[in-house]
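J.:
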Amino acid sequence: MSGPVFRLSELQARIGGRLIAHSPEVDSDPPLEGVASLHGAGPGQIGFVVGKSHLEAARKTRAGALIVGASLADAGLPCPALVVDNPHAAFARVTALFHPASPVQPGIHPSASIAGDARISDSAEIGPGVVVGSGAVIGARCRIGAGCAIGRHVVLGDDGLLHPQVTLYDGCRIGHRVILHSAAVIGADGFGFAWEDDHWVKVPQVGIVIIGDDVEIGAGSTVDRGALDDTVIEDGVKVDNQVQIAHNCHIGAHTAIAGCVGIAGSTHIGQRCRIGGGAVIMGHYRIADDVTISSGSFVAKDILQAGVYTSVQPIMPHADWLKNAAQLRHLATLRQRLNSLEKRFESNHSKD
Amino acid sequence: MSGPVFRLSELQARIGGRLIAHSPEVDSDPPLEGVASLHGAGPGQIGFVVGKSHLEAARKTRAGALIVGASLADAGLPCPALVVDNPHAAFARVTALFHPASPVQPGIHPSASIAGDARISDSAEIGPGVVVGSGAVIGARCRIGAGCAIGRHVVLGDDGLLHPQVTLYDGCRIGHRVILHSAAVIGADGFGFAWEDDHWVKVPQVGIVIIGDDVEIGAGSTVDRGALDDTVIEDGVKVDNQVQIAHNCHIGAHTAIAGCVGIAGSTHIGQRCRIGGGAVIMGHYRIADDVTISSGSFVAKDILQAGVYTSVQPIMPHADWLKNAAQLRHLATLRQRLNSLEKRFESNHSKD
Amino acid sequence: MSGPVFRLSELQARIGGRLIAHSPEVDSDPPLEGVASLHGAGPGQIGFVVGKSHLEAARKTRAGALIVGASLADAGLPCPALVVDNPHAAFARVTALFHPASPVQPGIHPSASIAGDARISDSAEIGPGVVVGSGAVIGARCRIGAGCAIGRHVVLGDDGLLHPQVTLYDGCRIGHRVILHSAAVIGADGFGFAWEDDHWVKVPQVGIVIIGDDVEIGAGSTVDRGALDDTVIEDGVKVDNQVQIAHNCHIGAHTAIAGCVGIAGSTHIGQRCRIGGGAVIMGHYRIADDVTISSGSFVAKDILQAGVYTSVQPIMPHADWLKNAAQLRHLATLRQRLNSLEKRFESNHSKD
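Chains as they are written, first to last, in this note's numbering: chain R, -7 to 344; chain D, -7 to 344; chain X, -7 to 344.
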């Protein structure tokens, strides 16, 4: 499976930046066959360096070329380089050049089950076993992987990519250029029950899920439909694997949510937030724009100012933990004892 | 898609309660086309108010009618209202009136694969791509969504609703009126291995999962089969998304388990418990009836008395956390120092 | 469904060990029809006892025979027994004797969609609705459950067992005797994005997932493909349900990972580790061989020595928690006050 080959100058022509040669003995415009990590790269590959913390690895790399930021242009790199403002983003583009997505192959697999009144773009690719419900709309150049189940009246914008086994419940509306990974479930019922006497009564969940453009949602993640109003994921939101977003949440544009996060119902998260992996955010709270929640943290209050917030315990050897954790049940007492001792000391001392 | 229309008095006739008018100028029996949240409602919709904390929003609503509890009957509502004992449950019923489930369409989709000796009720609806194993039984009026895989000898009661892509492993027994959401997996092997010399030996998991009546299990949730005895979910249990229930757990009737909870093996949870989102409950423990575990809490002991239990850290700005969390490694020392200081103070003071 | 019957001596012949009779009145070589737990067993079943902590239950059992360790050989058991070095492993083997896997039924279900150039062993069983991509290879005696989606150029070794609805993305390589449970997703894109100006740019994930021999991965678990290098799961690793393993992780041989664990990107976990349920391990860290991480713990540093490590809070009644947790925001202050008081006391005392 040989892919495209680019000379470094050809990459420069496509993504911009400034070329710097290494030495007369080294080809300053090498042909490149792919991307690689600094330690995995060989002479036919290009790597990248985000910051000075990787400088040592960069100096040891066998890569044929590097993408670096301006601060590293004169850092004694071992090969020619392309100097750019944003090495990570530039490398993302170069990677896409070497690994172009395979072209969409328009058509509907004969094993798919498509409702008679569904409207499917002629340029869309519908895989084996896909089911599309009544009234659904699937946009241009969408690629729907094997076994996806798309409910009634779902609207899916252009250039969507659904990996196999995605489920979209009835009525959900998905924007353009959305990527949904396998086993993701969009629009399942929110967890709404009313307690009556001695049992739960199900509250029908009649809102939908609205997902904006350029959203990506990871494998096994779930976004529940709204109870009455809708659950909203704004443009550019990126959601990792096994994230749970409950009914009536609102996730602001360009927020990134790492794996295993759980967000309870009706919570409103601002734009450009970063939610670390394994965090749990309780329901009905409001998180401002540009907030970072550290991985593993538990949020049970509004966070109204941008910044970094944390609530985890440091790990320690179990024997140490046993000694220290035992105190956690007695912190209030500890403080009272200290208060009391301070007072007695003061009182005693004042008598001196 | 116009749905049913009910006058307020028609809703009263179906769910009970007492009608209160607003003023002579306002139609005391308005026609209603649907339900809505207080802030999202218009004149053709009915909202509900659970308690006084939402009174302000209720006074501002544009809804045509409200369902309220007795304590709000004289609260100056802006529209006619139906006064009931349990507004949340009444609203659930009204919502169901406006959003009746689409009727089951009996029959087996031609793309389904049904074992010759499976017994499927004539009134059941079997979707595209469904697979039903040998000896399985599917009850009356069940609706089995696209792509569900139902193992051998599974028994599914009447009026079950399986959304697309649910998997039921061999032998599991499911009660009546059970709802299983997409990507739920019932009856996978418990995590049972014996360590031998330098590797793990798989312990075959030969129990099953038994699920009672009126249980709902959320998207992506997993309930493992028992190792020897069975895993049991009693009647009326409600399980949210991405919950893991390990082998040989026993979940008591009408317990509700919020999203992202993990329950390790052989734990016995009582009836009417409420397990908050993201909680982790270790294995082989016993939790009494009517226990509430706060969201995010970690349980590693028996809880034998009803009540609310908690074990989370408060979130704080990261800089504050750095200072405070550092102390968590030294709590035992801190206490010893306080003990020592108290003793010296006492000893010193007694000399006075 | 009657299964095989073994006399105790036949089990001994297959798994080894030493037979001990009970009393002349009791058949010392009973016929046995199955395995059971100590409290669930009847006279036709065999149970097992790992250690002295279960001795009381063992004395009360109605089982027809027991498998025990040497320390219990003379413990007054109520029935004949087989004494072995490793009762848990022996019991695993006995369980497998009573519950042999149903034989693989070679062949490809007519509803499967197999790429023309995929190479599928004649002895493999391909279930209904399975999709196999171009260039994929499926080994001898593999059993692929209903609805599995196997990407292009995937390589699956011999004797694999994929339960229904597993997804393998393009290019992943899976060893021999691997078991993957339903809704597991192997090889989805890692969570890689570069921030540029005001939005995220997707970094194509061009590594794969490499899974060794004898690995088992639970229902709903996800293992992401590498960004540049590969994600690696070594031989004999056992992964429970709903575990997330991010891009470029490396999991050492025979490590066991319990349910709901999240492991962030590029973390390297050693061999024979045991990661407790619900633990969260941050990215780019290194965990040595033979490390145990307690359930519910949060790891955000390297752990370079074998041992047990913990970072959880003890659960307590909510009222107690309120009092104690409030102190967690003031621990640094508390320590400073203690420091200060100690100094003043010393200073005061030295004046005496």
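For glycine and all other residues, C-beta sits at the position ideal for the given N, C-alpha and C.
1) So, at 6 Å on beta carbons, what are the nonlocal neighbours of Ser115 (chain X) in its own chain, with the 5 sequence-adjacent residues on each side left out?
2) Under the rule that 16 or more other beta-carbon atoms within 10 Å means buried, what is Glu208 (chain D), buried or exposed?
3) I'd like to check one pair, Thr223 (chain X) with Cys252 (chain X): are the Cβ atoms closer than 9 Å?
4) Give a yes or no on whether the C-beta atoms belonging to Arg327 (chain D) and Leu326 (chain R) are separated by under 9 Å.
5) Taking DSSP as the reference, what is the three-state secondary structure of Val216 (chain D)?
6) Using C-beta distances below 6 Å, list every residue in its chain close to Arg266 (chain D), excluding the 5 sequence neighbours before and after it, in chain order.
7) Mind checking if Arg165 (chain D) is an interface residue toward chain R, Cβ cutoff 9 Å exclusive?
8) Touching or not, the segment 162 to 169 of chain X and the segment 196 to 207 of chain X, by the rule of three or more beta carbon pairs under 8 Å?
9) Is Leu89 (chain R) closer than 9 Å to Leu3 (chain R) when the C-beta atoms are compared?
10) Among D:Asp66, D:Asp21, D:Phe(-2), D:Arg111, which residue has its Cα nearest to the Cα of Thr87 (chain D)?
11) Using CA coordinates, which residue listed in R:Gly139, R:Ala93, R:His155, R:Gly56 is at the minimum distance from Ile106 (chain R)?
12) Flag Ala186 (chain X) as yes when its Cβ comes closer than 8 Å to any non-hydrogen atom of the ligand NAP, and as no otherwise.
13) Which of the three DSSP states is assigned to Glu338 (chain D) in this structure?
14) If you count every other CB in all the chains shown that lies within 10 Å of the CB of Arg62 (chain X), and 16 or more means buried, which is it?
15) Taking the C-alpha atoms as reference points, what is the distance between Gly43 (chain X) and Ala67 (chain X)?
16) Hey, is His246 (chain X)'s beta-carbon within less than 9 Å of any beta-carbon in chain D?
17) Quick one: list the residues of chain D neighbouring Arg321 (chain X), beta-carbon separation under 8 Å, in chain order.
18) Output yes if chain D places a C-beta closer than 9 Å to the C-beta of Pro120 (chain X); else output no.
19) Give the range of the beta strand (DSSP E) segment to which Gln410 (chain R) is assigned.
20) Going by C-alpha distance, which of D:Thr302, D:Ala311, D:Pro306 is nearest Gly299 (chain R)?
21) On the DSSP letters alone, give me the boundaries of the beta strand (DSSP E) that Thr223 (chain X) sits inside.
22) Helix, strand or coil for Leu0 (chain D), going by three-state DSSP, please let me know.
23) Looking at chain R, which residues of the segment 239 to 263 of chain D have a Cβ within less than 7 Å of any of its Cβ atoms?
24) Report yes if the CB atom of Pro72 (chain X) is closer than 9 Å to the CB atom of Asp151 (chain X), and no otherwise.
25) Taking 6 Å as the limit between beta carbons, can you name the residues of its chain near Val177 (chain X), skipping five residues before and five after?
26) In chain order, which continuous runs of the beta strand (DSSP E) of length 3 or greater are located wholly inside the segment 289 to 331 of chain X?
27) What are the boundary residues of the beta strand (DSSP E) that Glu188 (chain D) is part of?
28) Could you tell me the distance, in whole angstroms, from the CA atom of Phe185 (chain D) to the CA atom of Asp21 (chain R)?
29) Rounded to a whole number of angstroms, what is the C-alpha to C-alpha distance between Val235 (chain D) and Gly119 (chain R)?
30) For Trp313 (chain X), which of D:Tyr301, D:Pro23, D:Ser287, D:Pro309 has the nearest alpha-carbon?
31) CB Gly182 (chain R) to CB Gly218 (chain R), shorter than 9 Å?
32) I'd like to know if Val(-3) (chain X) contacts chain D, where contact means its C-beta is closer than 9 Å to some C-beta of that chain.
33) Does any residue of chain D bring its CB to less than 9 Å from the CB of Trp340 (chain R)?
34) So with Cβ pairs under 9 Å, would you call Phe83 (chain R) a contact of chain D?
35) For the alpha helix (DSSP H) containing Arg85 (chain X), list its first residue and its last residue.
36) Against chain D, with Cβ distances strictly below 9 Å, would Val75 (chain R) count as a contact?
T.: Looking at the atomic coordinates:
1) Once the five neighbours on either side are set aside, the close Cβ partners of Ser115 (chain X) are Pro98, Ala132, Arg133.
2) Answer is buried; the Cβ neighbour count reaches 16.
3) One thing to note: Cys252 (chain X) has its Cβ no nearer than 9 Å to the Cβ of Thr223 (chain X).
4) Yes. Within cutoff.
5) One detail in the question is off: residue 216 (chain D) reads as Asp in this sequence, not Val. Three-state result, Asp216 (chain D): strand.
6) The residues are Ala248, Thr284.
7) By this cut-off, Arg165 (chain D) is not an interface position.
8) Here the segment 162 to 169 of chain X lies against the segment 196 to 207 of chain X, with 3 or more beta-carbon pairs under 8 Å apart.
9) A contact, by the Cβ cut-off of 9 Å.
10) When each option's Cα is compared against that of Thr87 (chain D), the closest is D:Phe(-2).
11) Closest by C-alpha distance to Ile106 (chain R), out of R:Gly139, R:Ala93, R:His155, R:Gly56, is R:Gly139.
12) The ligand NAP is absent from the structure shown, which contains no ligand whatsoever.
13) The answer is helix: DSSP assigns Glu338 (chain D) an H, G or I state.
14) First, the amino acid is wrong: residue 62 (chain X) is Ala here, not Arg. By the neighbour-count rule (16 or more Cβ atoms within 10 Å), Ala62 (chain X) is not buried but exposed.
15) Looking at the two C-alpha atoms, the distance is approximately 11 Å.
16) For His246 (chain X), the nearest beta carbon of chain D is closer than 9 Å to its own beta carbon.
17) For Arg321 (chain X), the residues of chain D that pass the 8 Å Cβ criterion are Pro306, Met308, Asp312, Asn316, in the order they occur in the chain.
18) Taking a beta-carbon distance threshold of 9 Å, Pro120 (chain X) counts as an interface residue toward chain D.
19) Since the first residue of chain R shown is -7 and the last is 344, residue 410 (chain R) is not available in this structure.
20) Of the listed residues, the one whose Cα sits closest to Gly299 (chain R) is D:Ala311.
21) Unbroken beta strand (DSSP E) run through Thr223 (chain X): 223 to 225.
22) Helix, per DSSP.
23) Taking a C-beta cut-off of 7 Å against chain R, the contacting residues of the segment 239 to 263 of chain D are His246, Ala248, Ala250, Gly251, Cys252, listed in chain order.
24) A distance of 9 Å or more separates the beta carbons of Pro72 (chain X) and Asp151 (chain X).
25) Taking Val177 (chain X) as the centre and dropping the five residues before and after it, the same chain places the C-beta of Thr159, Thr214 closer than 6 Å to its C-beta, in chain order.
26) Listed in chain order, the complete beta strand (DSSP E) runs (minimum 3 residues) inside the segment 289 to 331 of chain X are 299 to 302.
27) The continuous beta strand (DSSP E) containing Glu188 (chain D) extends over residues 185 to 188.
28) Taking the straight line from one Cα to the other gives about 55 Å.
29) Distance between the alpha carbons of Val235 (chain D) and Gly119 (chain R) is about 30 Å.
30) When only C-alpha atoms are compared, the closest one is D:Tyr301.
31) Yes, Cβ-Cβ distance for Gly182 (chain R) and Gly218 (chain R) is below 9 Å.
32) For Val(-3) (chain X), the nearest beta carbon of chain D is not closer than 9 Å to its own beta carbon.
33) Before going on, a small fix: residue 340 (chain R) reads as Asn here, not Trp. Closer than 9 Å to some Cβ of chain D, the Cβ of Asn340 (chain R) qualifies, so yes.
34) Interface with chain D (9 Å Cβ-Cβ cutoff): Phe83 (chain R) is excluded.
35) Per DSSP, Arg85 (chain X) belongs to the alpha helix (DSSP H) from 79 to 90.
36) Chain D contact via Cβ: absent.
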